[in-house]
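What follows is one structure encoded as structure tokens, with my remarks underneath.
Chains as they are written, first to last, in the numbering used here: chain U, 1 to 199; chain R, 200 to 613.
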């Protein structure tokens, strides 16, 4: 144990995801040795992120204004909505530059173990967006794990009566990889989702 | 296949031990508590990444050490693979194959295949249904590693669904008492509706994964049945014939939550259980599970547990027309457990590659006749490893190499 203030810092850092006690200690001593101006900038950035960043009132993505950059962009196709669990998934999909529609960030996935039900996710907001009938396709891009699949199934059932086309991202083989290195589950999924080759 | 070399570091009682092994029979002899079983347990661990004696990994590491290392060289035909496994209790295990690290430790599962007979096997015939479910599922994974994933998914769905049912049960109790207090019931009712709509989603996933597991189990039992009957007849020729049946929560036994009815009655054991369940009803197993879940929903909501699915099924062992459990003698129960293991061995061998047979302290439990028969059955295997407290426990048919194990040291006798 260190003197009060240092130990406080180590404890606080240790609460961050992916930071264990050893790393927390290393970061704390790095900060101690660092230039005061650098530390001030970091502290400022930390405070600012909590004060300034808001969540887009339309899609729930992180934003610095009422609406996020994507929802404000008039060139985006508002007939297509891609549903993701977290804001970081939006960034991942944006990197592909394939998708020109808009997003909806749920803020997690259905998981009764963690006490997360549909009411804890931004599903009601999604339904409001679908209500005016302008949306033609809903792409479900939740994580390909059990909770993500369950959330996708739940949404699909909910949206089906509204007559909106509901699609799910394909899962299967990584591009540029070798077939032999794929694990059995992924390869099995790829077989399930095989498609007709048009020539 | 056979194990050519085994080396342990900080595993159980051993700080360090090196053993050269050959094909054929090898016996480890020594008084109780000297570390015979630890040697074969290590090999079993390499094969399945779990111990046949304990659920957690912590007891496997020698007291005072932080990790244990098992190294073993496996010879298959003319190829040799060196498997190294580092056991880190509470953290992920690490593995190396031929001196290069593999991404996940489970990538080396299945390189060594063992069939292990141990005194604990008696619970296969005398113990709870969970023992027999584990036997079936372990064998599924040994034959096709893919099933480790199916099993994990199913367990995860069960957990999620269980959490949801418990919440629902609480909400119900809450709303009931609220109603009694004539306060606002609107909120509680909305909560229950919410639970029901998510429950349907988990039903769908439970049915999908459950059906996959169930189908695989039924096919496995079909393949096992003649092998078990044959092995049992060889071990105990005077006894009534051994039979296998699957008791499924899918068969309509009313709201009997102790697990539906027997899928097959004694008269029609030859027919396919999967057919009885699916085609007879003109439905897939998945549809059947969903249907049954709707039937038992009321009691599930009351009790907060999932009542239908492979996690509540049982493999029923029979002798003639009677169930083995409760009717079989001690000797018959033992023979049945051995017959199940022998059948597993036959099945794995038919898939290719003779598994290593491990008989941990088994002969002491058998009478002379059964001992001799078991010895005759296992003698042709490529490699048989035996542990015994006294040399006389090892039948004469199984003569071969012998190690004496005393106070944590292992010395070659012949």
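Cβ atoms here follow ideal geometry from the backbone N, Cα and C, with glycine treated the same way.
Just so it is clear, the structure is predicted and the values come from calculations on it, not from any experiment.
- Residue 167 of chain U has U:139 as its beta-bridge partners, per DSSP.
- Nothing from the stretch 66-94 of chain U brings a Cβ to less than 7 Å from some Cβ of chain R.
- Contact annotation: residue 60 of chain U and residue 122 of chain U have beta-carbon atoms nearer than 7 Å.
- Neighbours of residue 497 of chain R across chain U, judged by C-beta separation under 7 Å, do not exist; the nearest C-beta is about 19 Å away.
- For residue 112 of chain U, the three-state secondary structure derived from DSSP is helix.
- Our two residues, residue 126 of chain U and residue 14 of chain U, have alpha carbons roughly 35 Å apart in a direct line.
- Runs of the beta strand (DSSP E) spanning 3 or more residues and lying entirely within the stretch 539-608 of chain R occur at 555-559, 582-587, 600-605, in chain order.
- A Cβ-Cβ contact shorter than 7 Å links residue 518 of chain R with residue 439 of chain R.
- For chain R, the residues of the stretch 109-143 of chain U that bring a beta carbon within less than 9 Å of one of its beta carbons are 110, 111, 112, 113, 114, 115, 117, 118, 119, in chain order.
- With fewer than 16 other Cβ atoms from the protein chains shown falling within 10 Å of its own Cβ, residue 79 of chain U counts as exposed.
- 355, 356, 358, 359, 360, 361, 362, 363, 364, 365, 366: these are the residues of the stretch 354-376 of chain R whose beta carbon lies less than 9 Å from some beta carbon of chain U, given in chain order.
- Beyond the five residues adjoining it in sequence on each side, residue 575 of chain R comes within less than 7 Å, by CB distance, of 596 in the same chain, given in chain order.
- From the beta-carbon of residue 18 of chain U, no residue of chain R is found nearer than 7 Å; the closest lies around 15 Å away.
- Contact annotation: residue 241 of chain R and residue 311 of chain R have beta-carbon atoms that are not nearer than 7 Å.
- Under the three-state reduction of DSSP output, residue 99 of chain U falls in the coil class, being neither helix nor strand.
- For residue 336 of chain R, the enclosing alpha helix (DSSP H) covers residues 328-342.
- According to the DSSP assignment, residue 46 of chain U belongs to the alpha helix (DSSP H) that extends over 36-52.
- What residue 348 of chain R touches in chain U, judged by beta-carbon distance under 9 Å, is 183, 184, 185, 188, going in chain order.
- Close partners of residue 294 of chain R in chain U (Cβ separation under 9 Å) are lacking, with about 15 Å as the shortest Cβ gap.
- Between residue 155 of chain U and chain R, the shortest Cβ-Cβ separation is not below 7 Å.
- In the three-state reduction of the DSSP assignment, residue 309 of chain R falls in the coil class, being assigned neither a helical nor a strand state.
- Counting the other CB atoms within 10 Å of its CB gives residue 112 of chain U a total of 16 or more, which places it among the buried residues.
- Annotation: residue 48 of chain U has no Cβ neighbours in chain R at a cutoff of 9 Å; minimum Cβ distance is about 37 Å.
- The stretch 152-171 of chain U makes no contact with the stretch 263-280 of chain R, as fewer than three CB pairs between them are under 8 Å.
- The Cβ neighbour count for residue 529 of chain R, taken over all protein chains shown within 10 Å, is under 16; the residue is labelled exposed.
- Residue 316 of chain R and residue 558 of chain R do touch by the CB rule: their CB atoms are close to 5 Å apart, below 8 Å.
- In the three-state reduction of the DSSP assignment, residue 71 of chain U falls in the helix class, which pools H, G and I.
- Of the candidates R:584, R:343, R:306, R:412, the residue whose Cα lies closest to the Cα of residue 511 of chain R is R:412.
- Think of a sphere of 8 Å around the beta carbon of residue 352 of chain R: the chain U residues whose beta carbon falls inside it are 146, in chain order.
- With 16 or more other Cβ atoms from the protein chains shown falling within 10 Å of its own Cβ, residue 261 of chain R counts as buried.
- Residues of chain R with a Cβ closer than 9 Å to the Cβ of residue 150 of chain U are, in chain order, 356, 359, 397, 400, 401, 403, 404.
- In the three-state reduction of the DSSP assignment, residue 530 of chain R falls in the helix class.
- Along the stretch 217-293 of chain R, the beta strand (DSSP E) occurs as fully enclosed runs of 3 or more residues at 223-228, 267-275, 278-286, listed in sequence order.
- Not a single C-beta of chain U is nearer than 7 Å to the C-beta of residue 414 of chain R.
- Per DSSP, residue 201 of chain R lies in no alpha helix (DSSP H) segment; the continuous beta strand (DSSP E) that holds it begins and ends at 201-210.
- Assignment of residue 178 of chain U by DSSP, reduced to helix, strand and coil, places it in the coil class.
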